[in-house]
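Following: one structure in structure tokens, then a few remarks.
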Amino acid sequence: MLIKIIFLGISVCLLNIFLKRQLSEFVLPVEIVFLALTVSLCSEYLQSIFGGFSDALSEMEYGEEILSSAVKGLGICAITKFSSDVCAESGNKTIADAVEFTGRMMLAVLAVPYIDSIMSTALAFIK
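The opening residue of the sequence shown carries number -1 in my numbering; numbering runs sequentially from there.
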């Protein structure tokens, strides 16, 4: 599977070299199709990985909440990185920075319940 993704990535890079010279407006759609193909190739493996995490975490008291937050965090990271790269590649560095900042803030908001739990546990130990 890794060999397929590497071969596909190299093929897309070579195609983009040609497209940038001749038809630059097709570079971004080709990259989006590559991302979709990569995700579809990896989906089976991602399901097995998250299934194993789910089984292990379901035995814990807050396991499902932790897994849900972890998946949300990974989604935020992936979407933020892709969006930021698209903006930066199109020459909008300021917008790319704003997208990255927004992603970081969303991750911080996602972490607030865990920070609160850690703080309350620490205060309980202090008292």
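Positions of the beta carbon are idealized from the N, C-alpha and C atoms, including for glycine.
Beta-carbon proximity check, residue i vs residue j, cutoff 8 Å
i    : j    : result
S140 : V97  : Outside the modelled stretch of the chain, which goes from -1 to 125, sits residue 140, for which no answer is possible.
L33  : F80  : yes
I124 : G101 : no
Cβ of residue i within 8 Å of any chain B Cβ
i   : result
L39 : Within the model displayed, chain B is absent; a lone protein chain is all it includes.
Residue i versus residue j - alpha carbon distance
i    : j    : result
L121 : L108 : 22 Å
A106 : I64  : 15 Å
V84  : Y112 : 32 Å
A86  : I93  : 8 Å
E42  : V69  : 16 Å
M103 : V110 : 11 Å
L26  : S115 : 43 Å
T78  : D95  : 10 Å
G7   : S22  : 18 Å
V19  : S88  : This sequence places Arg at residue 19; Val is not what is there. So the alpha carbons of these two residues sit roughly 15 Å apart.
F99  : K91  : 12 Å
A76  : Q45  : 17 Å
Proximal residues to residue i (C-beta, below 8 Å), its chain only, five neighbours per side dropped
i   : result
V28 : V10, L13, N14 and L17
Cβ neighbours of residue i in the same chain (closer than 6 Å, five flanking residues each side left out)
i  : result
F5 : none
Residues of its chain near residue i, where Cβ-Cβ distance is below 7 Å and the 5 sequence neighbours each way are ignored
i   : result
G71 : L105 and L108
G67 : Rather than Gly, the amino acid found at residue 67 in this sequence is Ser. Cβ neighbours of S67 beyond the five flanking positions: L108.
F24 : L17
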